[in-house]
Amino acid sequence: MHPDFHYIQSLLDNHHTGISAIYARFSAGIERFVRANSGNTDDARDVFQESLLVITRQARRPGFQLTCPFEAYLFMVCRGRWLNELKRRQRAAVTIAESSGFTDNEDAGALADATLREEARDKLFRRFFDKLSAGCRQIIQLAWTPNTSMEQVSAQLGVSYNYARKRKSECIAQLMEWVRAAPEFASLR
Amino acid sequence: MEELYNRIEDYLDDTLSPADRAAFEAELAADAELAAALEVVREARERLSRQWAGEAADTALHATLRQVGAQHFGASEPAATQTNRPWIVRRWPALAAAAAIAGLLIWLGWPAGNTDARLYAQYKTYPKAGFVTRGGGPDQAELANATAAFNQGRYQDALPVLEQQAAAYPDDLEARFFLALCLIETGRTADGRAQLEQISAAPNAWASDARWQLALSYLKEKDRSRCQELLSGIPPDDAHYEQAQQLLAKLR
Numbered sequence: 127m128h129p130d131f132h133y134i135q136s137l138l139d140n141h142h143t144g145i146s147a148i149y150a151r152f153s154a155g156i157e158r159f160v161r162a163n164s165g166n167t168d169d170a171r172d173v174f175q176e177s178l179l180v181i182t183r184q185a186r187r188p189g190f191q192l193t194c195p196f197e198a199y200l201f202m203v204c205r206g207r208w209l210n211e212l213k214r215r216q217r218a219a220v221t222i223a224e225s226s227g228f229t230d231n232e233d234a235g236a237l238a239d240a241t242l243r244e245e246a247r248d249k250l251f252r253r254f255f256d257k258l259s260a261g262c263r264q265i266i267q268l269a270w271t272p273n274t275s276m277e278q279v280s281a282q283l284g285v286s287y288n289y290a291r292k293r294k295s296e297c298i299a300q301l302m303e304w305v306r307a308a309p310e311f312a313s314l315r
Numbered sequence: 005m006e007e008l009y010n011r012i013e014d015y016l017d018d019t020l021s022p023a024d025r026a027a028f029e030a031e032l033a034a035d036a037e038l039a040a041a042l043e044v045v046r047e048a049r050e051r052l053s054r055q056w057a058g059e060a061a062d063t064a065l066h067a068t069l070r071q072v073g074a075q076h077f078g079a080s081e082p083a084a085t086q087t088n089r090p091w092i093v094r095r096w097p098a099l100a101a102a103a104a105i106a107g108l109l110i111w112l113g114w115p116a117g118n119t120d121a122r123l124y125a126q127y128k129t130y131p132k133a134g135f136v137t138r139g140g141g142p143d144q145a146e147l148a149n150a151t152a153a154f155n156q157g158r159y160q161d162a163l164p165v166l167e168q169q170a171a172a173y174p175d176d177l178e179a180r181f182f183l184a185l186c187l188i189e190t191g192r193t194a195d196g197r198a199q200l201e202q203i204s205a206a207p208n209a210w211a212s213d214a215r216w217q218l219a220l221s222y223l224k225e226k227d228r229s230r231c232q233e234l235l236s237g238i239p240p241d242d243a244h245y246e247q248a249q250q251l252l253a254k255l256r
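If you're matching them up, the sequences are chains A and B in order. The numbering used here puts the first residue of the first sequence at 127, with every later residue one more than the last. The numbering used here puts the first residue of the second sequence at 5, with every later residue one more than the last.
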């Protein structure tokens, strides 16, 4: 296990003191980086916060391993998110001019790329799930809750077993149609 | 299509008999399209169930990050850019235009109520309806019509069917939630609010949406103080907390 994993553990445990230590040690550098690249303090705070959330979600995936210093990983995730934000704001030419003392690290770059790609793919599925009707969302969420049978789902919804199966398959068909038709579905692989 | 996804689900749920499972796996090996469909369903199940399972932990972590972040990042300052001119100078033309428009609006006596109406229009979004029959009450065709009516904004048309459904099944909180929205949309605001107050009184899947819509119903009537009071009561772990905080900031 990487010696910096304790930072990740603090995030996974929502450990206030450990998280304060992450902010104390790394926030000033990220703030300098964002401010040097067309952002302000509010932007830096948001990028830092969202990057820590994304890293935590990645760390919850089975098989996650920290393969580089936490600082380098955090910086590369913040950098990627800030680049995406600048693109979203439609800056004419998006370039990162200033790295504020952070050094490039190949492992960190690869881990950050994988993290941001997984986050984007999670969002793709979530976006189309949220677009479903409330009834569809309810039946899919119930059916995909671990250890829940369709008999339990139909009883919970107060509908017949056959109707619940039919409705679930229609809702999944709709979700699959939207997801597979999205341009990002292929590009985010 | 319906049968395809039922078979995929049965396979992923491991509810097929050994013989049916072997036959399905043989089909998977021979049919690339079927195998691809299976993988997307498997991916959707994995991604979405992991997100749902992590929602409470995400909310708690988010609250900590906000709190700690506020201590470590200073007050908002203008962006550092390649030019050394002060921000106010670079933005002067836009500021001047904004000031002129604001001045004109004030001169015209722009009332706060217009702001409320604008914010209400900005924040009023309804979940998509999809009503399911429970056997008694309205049948599936009537509920399908009510679904279409609600989603198309024909609230008066959806109203009678939802009233029947809510009367037949008082525990159908989904029907009662959408009934409340129809009542508010058709001018029976007090009746709609009564429904939302009852739904939001106990923990359930619709309580969060009910609290949020209740607050918005007061904004619609330009009752800022009651709206602010209700928004302030939305707890940090609520799905509408971020929106509530944003709206509160705009109402101040």
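Every residue gets a Cβ at the ideal spot worked out from N, C-alpha and C, and that includes glycine. Please read these numbers as outputs of a predicted model, since none were measured by experiment.
Comparing alpha carbon positions, the residue from Glu211/A, Arg243/A and Glu197/A closest to proline 129/A is Glu197/A. Neighbours of arginine 151/A in chain B, taken as residues whose beta carbon is under 9 angstroms from its own, are absent, since the nearest beta carbon is some 10 angstroms off.
Apart from the 5 residues on each side of it in sequence, phenylalanine 174/A sits with its Cβ closer than 7 angstroms to the Cβ of Ser153, Ile156 and Cys204 in its chain, given in chain order. Distance from the CA of lysine 226/B to the CA of alanine 121/B, rounded to the nearest whole angstrom, comes to 7 angstroms.
Under the Cβ distance rule, valine 203/A does not count among the residues neighbouring chain B, no pair being separated by less than 8 angstroms. When C-beta atoms of the stretch 283-295 of chain A are compared with those of the stretch 232-246 of chain A, fewer than three pairs fall below 8 angstroms, so the two segments do not count as touching.
At a Cβ-Cβ threshold of 8 angstroms, arginine 243/A and glycine 58/B do not count as neighbours. Proximity of aspartate 161/B to chain A, defined by a Cβ-Cβ separation below 8 angstroms, is not satisfied.
Taking 8 angstroms as the threshold, the shortest C-beta distance from phenylalanine 28/B to chain A does not fall below it. Taking all protein chains in view, the Cβ of methionine 127/A is surrounded by fewer than 16 other Cβ atoms within 10 Å, so the residue is classified as exposed. With respect to the 8 angstroms criterion, alanine 41/B and leucine 8/B are classified as neighbours on the basis of their beta carbons. Rounded to whole angstroms, glycine 140/B and glutamine 300/A show a C-alpha spacing of 27 angstroms. Cβ-Cβ distances below 7 angstroms link threonine 190/B to Tyr159, Gln160 and Leu163 in the same chain, with the five nearest sequence neighbours on each side left out; the list follows chain order. Residue state for tryptophan 304/A is assigned as helix, using DSSP reduced to three classes. What asparagine 140/A touches in chain B, judged by beta-carbon distance under 8 angstroms, is Ala61, Ala64, Leu65 and Thr68, going in chain order. Assignment of aspartate 18/B by DSSP, reduced to helix, strand and coil, places it in the coil class.
Assignment of alpha helix (DSSP H) within the stretch 234-312 of chain A, counting only whole runs of 4 or more residues, yields 260-269, 276-283 and 287-307 in chain order. Closer than 8 angstroms to the CB of lysine 292/A there is at least one CB belonging to chain B.
The continuous stretches of alpha helix (DSSP H) do not include glutamate 225/B, and DSSP gives it neither H nor E. Look at histidine 76/B: its C-beta is under 8 angstroms from a C-beta on chain A. Contact check for alanine 184/B against glutamine 199/B passes: the beta carbons are separated by less than 8 angstroms. Around alanine 308/A, no beta-carbon contact reaches into chain B at under 7 angstroms, the shortest distance being about 11 angstroms. Residue state for leucine 69/B is assigned as helix, using DSSP reduced to three classes.
Taken atom to atom, the span from the alpha-carbon of glutamate 310/A to that of aspartate 172/A is near 25 angstroms. For the 8 angstroms CB-CB criterion, serine 164/A and leucine 212/A form a contact. Residue range 142-162 is occupied by the alpha helix (DSSP H) that includes serine 153/A. Spatial neighbours of tyrosine 15/B in its own chain (CB-CB distance under 6 angstroms, excluding positions within 5 residues in sequence) are listed in chain order as Phe28.
The C-alpha of glutamate 13/B lies about 22 angstroms from the C-alpha of alanine 308/A. In the assembly as shown, tyrosine 133/A is a buried residue. Its beta-carbon has 16 or more other beta-carbons within 10 Å. Put simply, the backbone Cα of tyrosine 245/B is about 12 angstroms away from that of alanine 219/B. With respect to chain B, the C-beta atom of leucine 242/A has no partner C-beta closer than 8 angstroms. Where phenylalanine 131/A is concerned, the enclosing alpha helix (DSSP H) starts and stops at 131-138.
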